[in-house]
Amino acid sequence: MPKIGDIQLPDFPLLLAPMEDVSDPPFRALCKEQGADVVYTEFISSEGLIRDAAKSVMKLDIYEKERPVGIQIFGANLDSMLQSVEIVEKSGPDIIDINFGCPVKKVVCKGAGAGILKDIDLMVSLTKAMVEHTKLPVTVKTRLGWDSDSIRIVEVAERLQDVGCKAISIHGRTRVQMYKGEADWGPIAEVKNNQRMHIPVFGNGDVDSPEMAMKMRDEYGLDGAMIGRASIGYPWFFKEVKHYFKTGTHAAPPTMEERVNAARRHLQMAIDWKGEQLGVFETRRHYTNYFKGIPNFKEYRMKMVTSDHSVDVFEAFDEVMEKFGDFEFVS
Numbered sequence: 001m002p003k004i005g006d007i008q009l010p011d012f013p014l015l016l017a018p019m020e021d022v023s024d025p026p027f028r029a030l031c032k033e034q035g036a037d038v039v040y041t042e043f044i045s046s047e048g049l050i051r052d053a054a055k056s057v058m059k060l061d062i063y064e065k066e067r068p069v070g071i072q073i074f075g076a077n078l079d080s081m082l083q084s085v086e087i088v089e090k091s092g093p094d095i096i097d098i099n100f101g102c103p104v105k106k107v108v109c110k111g112a113g114a115g116i117l118k119d120i121d122l123m124v125s126l127t128k129a130m131v132e133h134t135k136l137p138v139t140v141k142t143r144l145g146w147d148s149d150s151i152r153i154v155e156v157a158e159r160l161q162d163v164g165c166k167a168i169s170i171h172g173r174t175r176v177q178m179y180k181g182e183a184d185w186g187p188i189a190e191v192k193n194n195q196r197m198h199i200p201v202f203g204n205g206d207v208d209s210p211e212m213a214m215k216m217r218d219e220y221g222l223d224g225a226m227i228g229r230a231s232i233g234y235p236w237f238f239k240e241v242k243h244y245f246k247t248g249t250h251a252a253p254p255t256m257e258e259r260v261n262a263a264r265r266h267l268q269m270a271i272d273w274k275g276e277q278l279g280v281f282e283t284r285r286h287y288t289n290y291f292k293g294i295p296n297f298k299e300y301r302m303k304m305v306t307s308d309h310s311v312d313v314f315e316a317f318d319e320v321m322e323k324f325g326d327f328e329f330v331s
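Using UniProt numbering, the first residue of the sequence shown is number 1, and each one after it goes up by one.
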């Protein structure tokens with residue numbers, strides 16, 4: 001079974017991917033309850049941390065019930081990254097993860113995230129310096145390469161391992177692809193099948209059903225799956241994958257009551273953590289999936305995603321339960 005440093009994980013662990021404005025403490029708590037084995041924070045700017053930017057510092061909040069939890073940071077300046085490691089350590093995470101995969105322009109244009117895929121030597125030297133600067137296990141999340149002509153992920157993964165990286169998560173797309181097309185897990189399997197590799201190799205990208213998770217495990221032989229978009233508004237995804245692995249059948253989907261209760265808890269935890277305004281705003285992206293499949297739902301969804309006050313959103317939840325309480329979801 002895979003290990004990240006001294007952290008023992010179950011066979012084929014499921015990891016919650018670091019997602020901006022998604023992987024916050026309220027959502028991580030829900031995913032953990034539903035079977036996520038490792039959770040990661042939203043990615044945090046090293047420059048923001050060393051400048052004590054409020055939003056960056058707030059993302060350092062982690063809680064005992066989440067463990068094992070990784071804090072993910074990004075940046076391209078060595079001094080800033082090393083300073084940020086010292087700041088991150090004070091929050092007591094189990095893992096420090098480096099983001100070498102974010103394709104967003106505002107990150108890439110600074111040479112960070114997937115931007116560093118244009119300079120593999122820098123990527124390796126930065127990882128080495130961070131490994132030497134902390135006693136915590138350092139892991140990496142990255143992509144196949146910058147574009148289809150520069151995929152060297154087998155070499156890159158081996159070099160990262162050789163400088164002390166304890167696990168690697170690979171998204172099966174290049175930076176140029178962004179999130180378009182299909183993820184290619186073949187090169188990730190090549191990394192895993194490299195006889196020199198001994199650290200866990202986790203796959204990421206297009207794991208949107210229990211069948212796809214099983215395919216990643218059984219056909220590609222990877223050590224685990226990092227789940228991103230499939231979990232947004234649907235923390236039950238982790239539990240459903242594990243049920244499928246165990247039984248070969250699909251678990252019954254969550255009932256309307258379970259969905260309403262989860263959405264209600266999610267919103268309340270978000271408000272408690274980040275305040276009314278941000279709490280209401282940043283949970284909006286989850287509601288489509290919480291209530292996906294309900295006919296004639298537009299009126300209620302619009303109320304949830306346009307209301308600026310939590311009292312109105314909670315009222316919408318009550319209305320949904322009253323009108324659709326007997327609706328049966330199909331897996």
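Positions of the beta carbon are idealized from the N, C-alpha and C atoms, including for glycine. Source: prediction; values computed, not measured.
Measuring C-alpha to C-alpha distances from T142 to each of D149, S148, V156 and E132 identifies V156 as the nearest. Assigned with DSSP and collapsed to three states, I151 falls in coil, not helix or strand. Excluding the 5 residues flanking it on each side, V85 has same chain C-beta neighbours closer than 8 Å at I73, I96, M130, H133 and T134, in chain order. In the three-state scheme derived from DSSP, where H, G and I count as helix and E and B as strand, N289 is classed as helix. Of the residues assessed, A213 falls on the buried side of the cut-off, its CB having 16 or more other CB atoms within 10 angstroms.
The alpha-carbon of N204 is positioned some 29 Å away from that of K90. The C-beta distance from S45 to G75 rounds to 7 Å, short enough to meet the 8 Å contact threshold. Remark: fewer than three beta-carbon pairs, one from each stretch, lie closer than 8 Å, so the stretch 224-236 and the stretch 186-198 are not flagged as touching. Every unbroken stretch of the beta strand (DSSP E) spanning 3 or more residues and falling wholly within the stretch 49-88 is given here in chain order: 69-74. Residue state for V176 is assigned as coil, using DSSP reduced to three classes.
A36 sits close to L14, with the two beta carbons spaced by under 8 Å. Inclusion of E33 and P18 in the CB contact set at 8 Å is not warranted, their separation being larger than that value.
A Cβ-Cβ contact shorter than 8 Å links L222 with F202. Ranking G172, T288, F324 and T255 by CA distance to the CA of V330 puts T255 first. Going by DSSP, M226 is part of the beta strand (DSSP E) stretching over G224 to I227. Restricting attention to alpha helix (DSSP H) runs no shorter than 4 residues, the stretch 189-235 encloses them at 210-218, ordered along the chain.
The DSSP-derived three-state label of I271 is helix. Residue burial is scored here from C-beta neighbours: H309 has fewer than 16 other C-beta atoms within 10 angstroms and is therefore classed as exposed. Between P210 and H250, the CB-CB gap stays under 8 Å. Counting C-beta atoms within 10 angstroms of its own C-beta, A262 has 16 or more neighbours from the protein chains shown and is therefore classed as buried.
In this structure, V163 places its C-beta atom within 8 Å of the C-beta atom of K128. Excluding its 5 nearest sequence neighbours in each direction, D208 has C-beta neighbours in its own chain below 6 Å: A230, listed in chain order.
Collapsing the DSSP output to three states places I294 in coil. Pairing D24 with W273 gives a Cβ-Cβ distance under 8 Å. In this structure V108 is not in contact with R67, their Cβ atoms being roughly 31 Å apart against a cut-off of 8 Å.
With a threshold of 16 other beta carbon atoms within 10 Å, Q177 meets it and is buried. If you check the CB distance, V320 and V260 come in under 8 Å.
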